[in-house]
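Enquirer:
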Amino acid sequence: MQAIKVIVSFIAFYFLAIFQASYLSHFKIRGGAWNTLLVAVILVNFFEKKEDKSGLIIGALAGFYLDLFSPYFMGIFTLVGVLIAFAVKRAKPLFDPKRFASFAVIFFSALLFYEIIFMFISAGQGLFFNISGLIINFLAGIIIYWMVRLFNVISKAKIR
Amino acid sequence: MMSWIKKNQKLVWLVAAVFIILIFIFLRQPIRSVFHSISGSLESWCWERGQSGSNFWAGFFNASNLKDENQNLKRENRALLANLLDFQELQEENQRLRLALDLGLAQDFSLKEAAILTEDLAGDYLVINKGSEDGIIKEMTVITYEKVLVGKITEVHRRSSRVRLLTDAGIKFSVKIADTNIQALAKGEGNEKITLDLMPKDVEVPIGALVFTSGHESGYQPNLLVGVIAKTSNTDIEPFQKAEVEDFFKIQEATLLFVITD
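So the sequence lines, in the order shown, correspond to chains E and U.
Position one of the first sequence corresponds to residue 1 (our numbering), numbered consecutively onward.
Position one of the second sequence corresponds to residue 1001 (our numbering), numbered consecutively onward.
#1: Please confirm whether Gly31 (chain E) has its beta-carbon closer than 7 Å to some beta-carbon of chain U.
#2: Can you confirm whether the segment 1021–1031 of chain U touches the segment 1132–1151 of chain U when touching is taken to mean that 3 or more C-beta pairs between the two stretches lie within less than 8 Å?
#3: From U:Arg1078, U:Leu1090, U:Ser1054, U:Gln1241, pick the residue whose C-alpha is nearest to that of Lys1250 (chain U); which is it?
#4: Going along the segment 1001–1013 of chain U in order, which residues come within less than 9 Å of chain E, judged by CB to CB distance?
#5: Could you give the distance in angstroms between the alpha-carbon of Phe118 (chain E) and the alpha-carbon of Asn130 (chain E)?
#6: Whose CA, out of U:Pro1200, U:Tyr1125, U:Asp1262, lies closest to the CA of Leu1117 (chain U)?
#7: How would you write the range of the beta strand (DSSP E) that Tyr1125 (chain U) sits in, first residue to last?
#8: Would you say Glu1253 (chain U) reaches chain E, if we count a Cβ-Cβ gap shorter than 7 Å as a contact?
#9: When you compare each of E:Leu68, E:Ser155, E:Phe113 to Gly1040 (chain U) by their alpha carbons, which one comes out closest?
#10: Can you give the Cα-Cα distance for Asp1197 (chain U) and Leu1225 (chain U), rounded to whole angstroms?
#11: Please classify Asp1247 (chain U): is it buried, with 16 or more other beta-carbons within 10 angstroms of its beta-carbon, or exposed?
#12: Measuring CA to CA, which of E:Lys53, E:Ile76, E:Ile58, E:Ile11 is closest to Ile121 (chain E)?
#13: Please list the segments of the beta strand (DSSP E) lying wholly inside the segment 1200–1232 of chain U, counting only runs of 3 or more residues, in order along the chain.
#14: Quick one: give me the first and last residue of the alpha helix (DSSP H) that Ser1161 (chain U) is part of.
#15: What three-state label does DSSP hand Gly31 (chain E) in the structure shown?
#16: Does any CB atom of chain E fall closer than 7 Å to the CB of Leu1042 (chain U)?
#17: Which runs of the alpha helix (DSSP H) spanning at least 4 residues fall entirely within the segment 15–87 of chain E, listed in chain order?
#18: Please state whether the Cβ-Cβ distance between Gly1151 (chain U) and Ala1169 (chain U) is less than 7 Å.
#19: Closest Cβ-Cβ distance between Ile131 (chain E) and chain U: below 7 Å?
#20: Is it buried or exposed for Thr36 (chain E), if we count other Cβ within 10 angstroms and need 16 for buried?
#21: Would a check of beta-carbon distances place Phe10 (chain E) closer than 7 Å to chain U?
#22: Taking 7 Å as the CB-CB limit, is Phe69 (chain E) close to chain U?
#23: Can you tell me where the beta strand (DSSP E) holding Leu1111 (chain U) begins and where it ends?
#24: For Gly75 (chain E), go through chain U and note every residue whose CB falls closer than 7 Å to its CB, in chain order.
#25: Write down the C-beta distance between Asn152 (chain E) and Val39 (chain E) rounded to the nearest angstrom, noting that I regard them as a contact closer than 8 Å.
#26: Quick one: list the residues of chain U neighbouring Phe27 (chain E), beta-carbon separation under 7 Å, in chain order.
#27: For the beta strand (DSSP E) containing Val1175 (chain U), name the first residue and the last one.
#28: Let me see if you follow: with CB-CB separation under 7 Å, is Ser22 (chain E) close to chain U or not?
#29: If you measure from the beta carbon of Phe13 (chain E) to each beta carbon in chain U, is any gap under 7 Å?
#30: In this structure, what does DSSP give as the bridge partners for Ile1025 (chain U)?
#31: Can you tell me where the beta strand (DSSP E) with Ser1258 (chain U) in it begins and where it stops?
#32: Give a yes or no on whether 7 Å exceeds the smallest Cβ distance from Ile18 (chain E) to chain U.
#33: Just to confirm, is the Cβ distance from Tyr65 (chain E) to Phe19 (chain E) under 7 Å?
#34: Taking the beta strand (DSSP E) that Ile117 (chain E) belongs to, which residues open and close that run?
#35: By the three-class DSSP mapping on this structure, what secondary structure does Ser1041 (chain U) have?
#36: Select from the segment 93–110 of chain E all residues with a C-beta closer than 7 Å to any C-beta belonging to chain U, and list them in chain order.
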């Protein structure tokens, strides 16, 4: 099951990475755009079971695809992807994962962590904190979170 | 074998991590190159769809301003029509001169046509569909058909290259302002912004004046268009006068780019 999840992510992230770099880059708002791979990594690791470790590999995969499109040293986003996946997994038991507030706190912290790291990665070109990117990704995450919850409610109702 | 791996899991992970790091260090160029070669056509297709999509939404969100814009355009149109005749005469003369001197864009520079594949979400970088196979090398200048400066090649793959836009933070080059003797230092500020610095405080910098690259010492070919002066700032606390430049190159409107190969 874990292997299937990783293979599906490998293929899906490939298209997501192209979609992000070639299509979504046209819809930047004040320098920020929807980072689909980052949002996907956080969501996957948040919804994943504690004993399931494939989220870490998925984090590395998403980071690898971000590396392919970034002008920075290759491997840096792979590392960031793994770190974010690891941090989300570690933070989850500290909160009640069924509550929306828990999700919001973990999700926002992960995004903030990414933006701070990114600020230091690109520090050579001047320190720039991408606040609009943070807001866009946070809103996207919240929308997807509620869609997943709604989908769960509907599918449970159908089973009954 | 499996039991040995299970016993030494930490060692296996460490070896795997070192192996991956080494791959990233030594094979980063080929990895990126292969990826762009495989997905080049899909990237190009997505780029075109994104461009038309963003144009549609830009029109949708600016619908309230369309009426005012339309009136302004009509007014401008009437004013421009009056100038058209003069320009037509000038254009004919210009064409005659160009033909006589055999000076087209292609004659000014040796060019390679390129299309945009992707744009970096965070920095001001582009990926174009021409690479080492097409004779592209690092540090080559990228322009548009109108001789507007786009940026410089920073990374070359087999069939694609990465272009650092002149608006990227940290980029510095010298420019001159048209119809004046003012030279300035142009600085990329990131997020598609350029500012001018090191201009004397006692000169008047005209708003709307064209900004060109000043010469080979700037790192770019001379007389490439950069933009127009949008705003100036001349405060007592600053040792030099500063200005904001409205960049002529708009990624969302860009179709074809040209790499200067000589």
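C-beta atoms are modelled at their ideal positions from N, C-alpha and C, and glycine is treated no differently.
These numbers were taken from a predicted model, which means no experiment stands behind them.
Expert: For this structure:
#1: Here residue 31 (chain E) is taken as the residue at index 31 of the first sequence, counted from 1. Cβ-Cβ to chain U under 7 Å: yes for Gly31 (chain E).
#2: Not touching, per the Cβ criterion.
#3: By 1-based counting over the second sequence, the position of residue 1250 (chain U) is 250. Answer by Cα proximity: U:Ser1054.
#4: Of all residues in the segment 1001–1013 of chain U, none is placed with a Cβ closer than 9 Å to any Cβ belonging to chain E.
#5: Your numbering for residue 118 (chain E) matches position 118 in the first sequence. Your numbering for residue 130 (chain E) matches position 130 in the first sequence. One C-alpha to the other measures close to 9 Å.
#6: Taking the second sequence and counting its residues from 1, the one referred to as residue 1117 (chain U) is at position 117. Checked all of U:Pro1200, U:Tyr1125, U:Asp1262; the closest Cα to Leu1117 (chain U) is U:Tyr1125.
#7: Residue 1125 (chain U) sits at position 125 when you count from the first residue of the second sequence. In this chain, the beta strand (DSSP E) harbouring Tyr1125 (chain U) covers 1125–1128.
#8: In the second sequence, residue 1253 (chain U) corresponds to position 253, counting from 1. No - not a single Cβ of chain E is within 7 Å of the one on Glu1253 (chain U).
#9: For the purposes of this step, residue 1040 (chain U) is taken as residue 40 along the second sequence, with counting starting at 1. Selected option, being the one with the closest Cα: E:Leu68.
#10: Here residue 1197 (chain U) refers to the residue found at position 197 when the second sequence is read from its first residue. Here residue 1225 (chain U) refers to the residue found at position 225 when the second sequence is read from its first residue. Taking C-alpha positions only, Asp1197 (chain U) is separated from Leu1225 (chain U) by approximately 17 Å.
#11: Numbered from its first residue, the second sequence carries residue 1247 (chain U) at position 247. Per the 10 Å Cβ criterion, buried.
#12: On the first sequence, position 121 is the one that residue 121 (chain E) refers to. Nearest of E:Lys53, E:Ile76, E:Ile58, E:Ile11 to Ile121 (chain E), Cα basis: E:Ile76.
#13: Runs of beta strand (DSSP E) with 3 or more residues, each lying fully within the segment 1200–1232 of chain U, are found at 1210–1213, listed in chain order.
#14: Numbered from 1 along the second sequence, position 161 holds the residue referred to as residue 1161 (chain U). Per DSSP, Ser1161 (chain U) belongs to no alpha helix (DSSP H); it is in the beta strand (DSSP E), 1161–1165.
#15: What you label residue 31 (chain E) is simply residue 31 of the first sequence in a count that begins at 1. Coil.
#16: On the second sequence, position 42 is the one that residue 1042 (chain U) refers to. Interface residue, yes.
#17: Counting only unbroken stretches of 4 or more residues, the alpha helix (DSSP H) elements lying wholly within the segment 15–87 of chain E are 36–47, 54–69, in sequence order.
#18: Taking the first residue of the second sequence as position 1, residue 1151 (chain U) is located at position 151. Taking the first residue of the second sequence as position 1, residue 1169 (chain U) is located at position 169. For Gly1151 (chain U) and Ala1169 (chain U), no; Cβs fall outside 7 Å.
#19: As a working note, residue 131 (chain E) is residue 131 in the first sequence. Under the Cβ criterion of 7 Å, Ile131 (chain E) is not counted among the residues facing chain U.
#20: Numbered from its first residue, the first sequence carries residue 36 (chain E) at position 36. It counts as buried.
#21: Taking the first residue of the first sequence as 1, we reach residue 10 (chain E) at position 10. No, Phe10 (chain E) lies away from the interface with chain U (no Cβ there is under 7 Å from its Cβ).
#22: The residue given as residue 69 (chain E) occupies position 69 in the first sequence. Residue contact check for Phe69 (chain E) against chain U: a CB pair falls below 7 Å.
#23: By 1-based counting over the second sequence, the position of residue 1111 (chain U) is 111. Segment 1111–1119, the beta strand (DSSP E) holding Leu1111 (chain U).
#24: As a working note, residue 75 (chain E) is residue 75 in the first sequence. Under the 7 Å cutoff, chain U gives Ile1021, Phe1024.
#25: Stepping through the first sequence from its first residue, residue 152 (chain E) is reached at position 152. Stepping through the first sequence from its first residue, residue 39 (chain E) is reached at position 39. That pair is no contact at about 18 Å.
#26: The residue given as residue 27 (chain E) occupies position 27 in the first sequence. Going along chain U in sequence order, the residues near Phe27 (chain E) (Cβ under 7 Å) are Ser1054.
#27: As a position in the second sequence, residue 1175 (chain U) is number 175, starting the count at 1. Counted as a single uninterrupted DSSP element, the beta strand (DSSP E) harbouring Val1175 (chain U) occupies residues 1172–1177.
#28: Looking up residue 22 (chain E) in the first sequence gives position 22. Yes, Ser22 (chain E) counts as interfacial toward chain U.
#29: Residue mapping note: residue 13 (chain E) aligns to position 13 of the first sequence, counting from 1. No - not a single Cβ of chain U is within 7 Å of the one on Phe13 (chain E).
#30: As a position in the second sequence, residue 1025 (chain U) is number 25, starting the count at 1. None; Ile1025 (chain U) has no bridge partner.
#31: Taking the first residue of the second sequence as 1, we reach residue 1258 (chain U) at position 258. A small fix is needed here, since residue 1258 (chain U) is Phe in this sequence, not Ser. 1256–1260 is the extent of the beta strand (DSSP E) around Phe1258 (chain U).
#32: As a working mapping, residue 18 (chain E) is identified with position 18 in the first sequence. Yes, its Cβ sits closer than 7 Å to a Cβ of chain U.
#33: Taking the first sequence and counting its residues from 1, the one referred to as residue 65 (chain E) is at position 65. Taking the first sequence and counting its residues from 1, the one referred to as residue 19 (chain E) is at position 19. Judged by beta-carbon spacing, Phe19 (chain E) lies beyond the 7 Å limit of Tyr65 (chain E), meaning their Cβ atoms are not closer than that value.
#34: Reading the first sequence from its first residue, position 117 is the one you call residue 117 (chain E). That residue, Ile117 (chain E), is in no beta strand (DSSP E); its alpha helix (DSSP H) goes 100–121.
#35: What you label residue 1041 (chain U) is simply residue 41 of the second sequence in a count that begins at 1. Here Ser1041 (chain U) sits in helix by DSSP.
#36: Those residues of the segment 93–110 of chain E that come within reach of chain U (Cβ to Cβ, closer than 7 Å) do not exist; the list is empty.
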